[in-house]
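Residue numbering for the sequence shown follows UniProt numbering, beginning at 1 and increasing consecutively.
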Amino acid sequence: MPILRIRDESGFITTSKANGWHFVAAVSPEDVPLVNRPDVIPEHNIDTDGLKQKPVVIMLGNEGEGLRPRIARMANSCLTVQDAVNQHAGVDSLNVSVAAGILMHDLLRPFLGKR
């Protein structure tokens, strides 16, 4: 799995989307209002049917500030990792590598024959 670091994010996203790539923005539940998109979904509700047809990029921000809202709004879809209700009292955020692992697990699950 290639991992990319891009300097001109807007240009890369625009050009790649024009070539059929699908961009998924990972946003924290607290940042959903900043992204200003009604279509942010929990990671366990990912619709993976179209993901087999095109390259997919998962965009992750840094642990302190996350993705810039401008970049997240450019994504085809936005995901957030939901906390299990009343299971993690006092935990207000996930390490970006943990969030990435959860998202990749849920994105790859159908490809591995798991539900």
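No residue lacks a Cβ here, since even glycine has one placed at the ideal position from N, Cα and C. Predicted model, so just to flag it, every value in this text is computed and none were measured.
Residue i by DSSP, collapsed to three states: which one?
{"i": "Ser77", "result": "strand"}
{"i": "Ile71", "result": "helix"}
{"i": "residue 119", "result": "Nothing about residue 119 can be read from this structure; the chain reaches only from 1 to 115."}
{"i": "Lys17", "result": "helix"}
{"i": "Leu112", "result": "helix"}
Mind checking residue i: buried by the 16 CB within 10 Å criterion, or exposed?
{"i": "Leu79", "result": "buried"}
{"i": "Leu108", "result": "exposed"}
{"i": "Ala26", "result": "buried"}
{"i": "Gly20", "result": "exposed"}
{"i": "Ala72", "result": "buried"}
{"i": "Phe111", "result": "exposed"}
{"i": "Met104", "result": "exposed"}
{"i": "Gly113", "result": "exposed"}
{"i": "Leu67", "result": "buried"}
List the residues that DSSP assigns as beta-bridge partners of residue i.
{"i": "Ile58", "result": "Val24"}
{"i": "residue 116", "result": "Missing from the structure shown is residue 116; the chain here goes from 1 to 115 and no further."}
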